[in-house]
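Q:
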Amino acid sequence: MTTVEQGTRTLLSVRNVVKHFPIRSKGLVRRQIGAVQAVSDVSFDLAEGETLGLVGESGCGKSTTARVVLNLLPATSGEVLYKGRDLTKIGRGDMRALRRELQIVFQDPYASLDPRLPVNEIIAEPLRIHGLYREDGREQVRRLMQTVGLKPEHGNRYAHEFSGGQRQRIGIARALALRPKLLVLDEPVSALDVSIQAGVLNLLDELQTELGLSYLFVSHDLSVVRHIADRIAVMYLGSIVETGTAEELFAGPAHPYTQALISAIPLPDPRKERARERITVVGDLPSPADPPSGCRFRTRCPKFANELSDAERTRCVEEPPALVERGQGHPVSCHYAERRALL
Amino acid sequence: MTERASEKFTASEEIDLSPAPGARGAKGDVVLEVSGLDVTFPSADGPVRAVRGVDYRLHRGEVLGIVGESGSGKSVTSMAVMRLLPGTAQVKGSVRFDGKDLLTLSEAEMTRIRGSRIAMIFQDPMTSLNPVYTVGAQIAEAVRAHHDVSRQVAMDRAVELLDRVRIPNAKDRANSYPHELSGGMRQRVVIAIAMANDPDVIIADEPTTALDVTVQAQILEALAAAQDVTGAAMVLITHDLGVIAGQADRVMVMYAGKPVEVGTAEEVFYTPRMPYTLGLLGSLPRLDRPSERLTPIPGSPPSVVNMPPGCPFGPRCPKHTERCDESEPELRATTGAGHLAACHYAETLEGQEAADVFDSEVADHEALAGLAAAEGAGTGRDGEARA
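Taken in order, these protein sequences are the chains called B and F. Heads up: the first sequence runs through residues 1 to 343, numbered per full-length UniProt numbering. Heads up: the second sequence runs through residues 1 to 387, numbered per full-length UniProt numbering.
#1: Given this structure, state the Cα-to-Cα distance separating GLY28 (chain F) from LEU204 (chain B), to the nearest angstrom.
#2: Using DSSP's beta-bridge definition, name the partner residues of VAL324 (chain B).
#3: Just reading off the beta strand (DSSP E) that PHE217 (chain B) is part of, what are its end residues?
#4: Could you name the residues of the stretch 250-269 of chain B whose beta carbon sits closer than 9 Å to any beta carbon of chain F, in the order they occur along the chain?
#5: Using DSSP bridges, identify the partner residues of LYS100 (chain F).
#6: Once you ignore the five residues that flank LEU126 (chain B) on each side, which residues in its own chain have a CB closer than 7 Å to its CB?
#7: For ASN16 (chain B), which residues from the same chain have a beta carbon less than 8 Å from its beta carbon, with the 5 sequence-adjacent residues on both sides left out?
#8: Given a threshold of 16 other Cβ atoms within 10 Å of its Cβ, counted over all protein chains shown, does GLY199 (chain B) qualify as buried or as exposed?
#9: Can you list the residues of chain B that ALA269 (chain F) reaches, using a CB-CB cut of under 7 Å?
#10: By the three-class DSSP mapping on this structure, what secondary structure does ARG15 (chain B) have?
#11: Is it right to say VAL305 (chain F) is buried, meaning 16 or more other beta carbons lie within 10 angstroms of its own, or is it exposed?
#12: Is the CB of GLY199 (chain B) under 7 Å away from at least one CB in chain F?
#13: Please tell me whether LEU161 (chain F) and ALA137 (chain F) are closer than 7 Å, where the distance is taken between their beta carbons.
#14: Would you tell me roughly how many angstroms separate the C-alpha atoms of VAL119 (chain B) and SER63 (chain B), rounded to the nearest one?
#15: In chain order, what residues of the same chain have a beta carbon less than 7 Å from the beta carbon of SER13 (chain B), not counting five sequence neighbours either side?
#16: With H, G and I counted as helix, E and B as strand and the rest as coil, what does DSSP make of THR2 (chain F)?
#17: Could one say the Cβ of SER106 (chain F) lies closer than 7 Å to chain B's Cβ atoms, at least one of them?
#18: Could you tell me whether the Cβ atoms of ALA38 (chain B) and PHE21 (chain B) are closer together than 7 Å?
#19: In chain order, what residues of the same chain have a beta carbon less than 7 Å from the beta carbon of VAL225 (chain B), not counting five sequence neighbours either side?
#20: In the DSSP output, what is ILE232 (chain B) paired with across the bridge?
#21: Who are GLN32 (chain B)'s beta bridge partners in DSSP?
#22: Quick check on this structure: which residue in F:GLU322, F:GLY36, F:VAL235 and F:ARG96 has the alpha carbon closest to the alpha carbon of VAL201 (chain F)?
#23: Would DSSP call GLU33 (chain F) helix, strand or coil?
#24: Going along the chain, which residues of its own chain have a beta-carbon closer than 8 Å to the beta-carbon of SER190 (chain B), five neighbours each way excluded?
#25: What residue range does the beta strand (DSSP E) around ALA119 (chain F) cover?
#26: Would a check of beta-carbon distances place GLY213 (chain F) closer than 7 Å to chain B?
#27: Comparing the C-beta of PRO302 (chain F) with each C-beta of chain B, is any distance below 7 Å?
#28: If I measure Cβ to Cβ from MET120 (chain F) and keep anything under 6 Å in the same chain, skipping five residues before and after, which residues do I get?
#29: Residues of chain F with a CB under 7 Å from the CB of LEU343 (chain B): which are they?
#30: For PRO259 (chain F), which beta-bridge partners are listed by DSSP?
#31: Could you spell out where the beta strand (DSSP E) holding HIS59 (chain F) opens and where it closes?
#32: With a threshold of 7 Å between beta carbons, is GLU273 (chain B) in contact with chain F?
#33: With a cut-off of 8 Å on the beta carbons, I'd call residue 395 (chain F) and LEU117 (chain B) a contact; round off their distance for me.
#34: Considering only residues of the stretch 70-94 of chain B, which uninterrupted beta strand (DSSP E) runs meet the minimum length of 3 residues and lie entirely inside it, listed in chain order?
#35: Which residues does DSSP list as the beta-bridge partners of THR10 (chain B)?
#36: If you check the beta carbons only, do ILE279 (chain B) and PRO302 (chain B) fall under 7 Å apart?
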């Protein structure tokens with residue numbers, strides 16, 4: 001499924017991960033009466049030093065996937081192989097040791113930092129927890145702050161004294177403290193203004209080059225993902241609908257959803273923006289507790305609505321399309337996938 | 001096009017809901033003129049000058065995009081125009097609309113204008129809709145607030161408006177409560193309410209910010225349709241330069257409570273004359289180009305409490321000189337008559353890209369190299385331990 005370059009090793013391999021959240025009845029018994037199918041059979045690989053962008057709109061399951069990968073949420077089924085070990089079956093103690101290598105940066109830099117700790121301590125905390133804060137601890141924290149572009153002399157300040165961009169840098173410094181191999185970045189720049197966002201993106205870029213980190217970059221913003229990711233997986237209603245290198249995916253998106261997503265993002269270029277071809281989806285996201293049969297996108301698919309014959313539609317309704325190579329240059333889960341140049 | 005659509009719209013009505021004949025001018029007339037607008041809030045740290053002298057003219061049928069980052073004063077400007085700020089806000093300047101200064105009107109007179117002649121669309125549709133009334137009833141209420149018509153006529157009009165903003169099964173949907181609708185649907189209802197009285201001006205404050213991109217595209221279409229049908233002029237406030245590029249005829253870029261660049265969309269996007277605008281454009285990752293280095297603007301926006309003299313962008317600006325600290329540069333004409341910028345060195349930006357002006361370095365390379373070295377040593381040990 002993945003084209004891992006020769007010589008690079010696969011660090012993380014996610015296989016058929018499913019995550020359902022139970023829906024319970026009211027009252028005393030609270031029987032399970034259904035399930036929100038947040039993630040349905042998701043598979044992908046991440047190589048050492050690589051960035052995989054996981055994109056999709058709200059409710060597509062991208063953040064849940066990221067949390068399952070880190071074992072912050074137990075998977076309903078499937079495997080998450082990190083360096084060959086299945087994280088879904090690992091014991092607590094082993095997982096705790098592995099947490100050194102798997103870190104996360106959250107979206108909201110206002111909610112994810114302890115307001116009662118000075119920044120020094122926020123960054124030192126993971127070191128202390130893992131028993132790594134020794135004589136040179138202070139020096140380590142200073143160096144981490146410098147690395148992410150913060151002034152070490154501000155270490156005694158509290159999180160509220162920093163701007164949003166600076167707080168996100170604190171979050172990154174904390175995640176880097178344990179020298180992780182894999183960073184899960186969950187919408188790390190979505191809460192920031194553009195002029196600040198660019199600085200954080202450049203920082204992530206440099207950290208990756210210098211430290212050889214792998215990133216699982218979760219975002220709703222395709223422009224940001226195109227900028228930072230080597231490969232991209234587009235999610236819709238719990239499934240990956242299309243995946244490929246960033247270059248491939250933007251040169252020839254083949255799934256109607258990817259096409260709609262790309263054509264919906266406004267370009268900051270008046271002439272281009274006004275002359276663009278639009279592929280619009282209709283309606284709203286169906287409930288993940290009761291997804292449509294067959295292809296999950298069919299209820300909003302412009303191709304289903306406008307181009308397909310009745311016979312062709314029957315196939316969309318009855319047979320869920322698999323995420324496989326269909327002669328489009330990269331895997332896509334649409335029976336009638338067709339590359340289109342949109343940019 | 002706009003005129004015709006507007007005629008068609010009112011002609012199809014049983015009752016004429018458009019304003020008195022003659023109130024409407026021709027396309028290109030100034031409908032709203034804001035001059036010297038200044039808003040100050042008291043605070044424990046001293047007065048907060050949220051808006052420091054905003055001037056603009058809105059012409060009939062045009063879309064004026066106001067763009068700026070958080071705290072630039074773009075929303076406060078519009079709240080001041082609508083007189084929706086709390087009583088503690090000190091508002092100076094004038095807002096001319098239909099021959100009157102809105103800032104001097106009585107509350108009763110202002111209520112007659114709000115929602116009928118000037119409508120507003122907010123970011124979060126859940127807070128602008130009342131959760132205990134059906135959406136149909138809320139649109140009908142907006143109609144009845146300004147027109148003496150029966151409930152039934154108002155309700156029919158509500159259904160028609162829902163249909164216009166492309167809500168499927170408008171008749172049934174009119175009986176839904178806001179919580180039964182998705183975010184995109186709710187925002188359509190808010191747009192329908194804004195259209196209800198055929199306003200002259202629609203102010204849309206971040207109308208698509210809370211929405212997913214595919215829904216945003218639908219809402220932008222609905223907004224454009226609303227503007228087309230009512231013939232209203234629109235002020236579109238957003239932080240999204242892409243939305244501005246697609247929708248706005250003219251653009252006003254705000255920074256620290258002041259407009260720092262004004263021009264047509266093409267002027268501002270293709271030949272920015274204020275380093276801040278250039279910096280914003282250079283900070284944007286682009287969907288339509290392969291990845292290149294971004295050029296962030298260093299530092300962060302100034303606090304608007306006790307601002308020092310001089311250009312507020314000075315501390316972040318690569319063109320900064322001593323002259324910039326002496327006095328704040330006025331908004332002045334640059335290359336084109338209508339293309340204004342508040343920078344002493346506007347002309348020097350000619351032919352320059354963001355990467356020529358701004359530095360793309362952010363990380364401390366020495367520290368990074370140190371960390372990488374320590375990392376190497378660390379992994380070495382780890383490797384041994386594991387082996």
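Just so you know, even glycine gets a beta-carbon here, dropped at the ideal spot from N, CA and C. Small disclaimer: the values here were computed from a predicted structure and weren't measured.
A: In terms of the structure at hand:
#1: Cα to Cα, the separation comes out at about 48 Å.
#2: The partner list for VAL324 (chain B) (beta bridge, DSSP) reads B:VAL332.
#3: Its beta strand (DSSP E) spans residues 214-219.
#4: Of all residues in the stretch 250-269 of chain B, those with a C-beta nearer than 9 Å to a C-beta of chain F are PHE250, TYR257, ALA260, LEU261, ILE262, SER263, ALA264, ILE265, PRO266, LEU267, PRO268 and ASP269, reading in chain order.
#5: Bridge partners of LYS100 (chain F): F:PHE97.
#6: The sequence given here has Pro at residue 126 (chain B), not Leu. Closer than 7 Å at the Cβ level, and outside the excluded window around PRO126 (chain B), lie ARG174, ALA177 and LEU178.
#7: Once the five neighbours on either side are set aside, the close Cβ partners of ASN16 (chain B) are ASP41, VAL42, SER43, SER77, GLY78 and GLU79.
#8: Answer is buried; the Cβ neighbour count reaches 16.
#9: The sequence given here has Phe at residue 269 (chain F), not Ala. Result: PRO268, ASP269 and PRO270.
#10: Of the three classes helix, strand and coil, the one that applies to ARG15 (chain B) here is strand, per DSSP.
#11: Result: exposed.
#12: So, interface residue.
#13: Cβ atoms of LEU161 (chain F) and ALA137 (chain F): not closer than 7 Å.
#14: Here the alpha carbons of SER63 (chain B) and VAL119 (chain B) stand approximately 26 Å from one another.
#15: So the list reads ASP45 and LEU81, once near-sequence residues are dropped.
#16: The predicted position of THR2 (chain F) is uncertain, since its pLDDT is 42 and thus under 50; no value can be drawn from it.
#17: Chain B contact via Cβ: absent.
#18: Yes, Cβ-Cβ distance for ALA38 (chain B) and PHE21 (chain B) is below 7 Å.
#19: If we look at VAL225 (chain B) and ignore the five residues flanking it on each side, its Cβ neighbours are GLY53, VAL55, PHE217, SER219 and ILE232.
#20: Beta-bridge pairing by DSSP links ILE232 (chain B) to B:GLY53 and B:GLY244.
#21: For GLN32 (chain B), which the question treats as bridged, DSSP gives the partners B:ARG24.
#22: Of the residues F:GLU322, F:GLY36, F:VAL235 and F:ARG96, the one whose Cα lies closest to the Cα of VAL201 (chain F) is F:VAL235.
#23: DSSP, read as helix, strand or coil, puts GLU33 (chain F) in strand.
#24: Excluding sequence neighbours, SER190 (chain B) sits near GLN107, SER219, HIS220 and ASP221.
#25: Per DSSP, ALA119 (chain F) belongs to the beta strand (DSSP E) from 118-121.
#26: Looking at the sequence shown, residue 213 (chain F) is not Gly but Val. Taking Cβ atoms only, chain B reaches closer than 7 Å to VAL213 (chain F), which makes this a yes.
#27: PRO302 (chain F) is outside the set of residues whose beta carbon lies under 7 Å from a beta carbon in chain B.
#28: Within the same chain, MET120 (chain F) has close Cβ partners MET82 and ILE203.
#29: Residues of chain F passing the Cβ test: LEU287 and ASP288.
#30: Answer by DSSP bridge pairing, in chain order: F:MET254.
#31: Taken as a continuous stretch (DSSP letters only), the beta strand (DSSP E) holding HIS59 (chain F) covers 48-59.
#32: Yes, GLU273 (chain B) counts as interfacial toward chain F.
#33: Outside the displayed span of chain F (1 to 387) sits residue 395 (chain F), for which this structure offers no information.
#34: For the stretch 70-94 of chain B, whole beta strand (DSSP E) runs of length 3 or above, ordered along the chain, are 77-82.
#35: Answer is B:ALA47.
#36: PRO302 (chain B) is positioned such that its CB atom lies closer than 7 Å to that of ILE279 (chain B).
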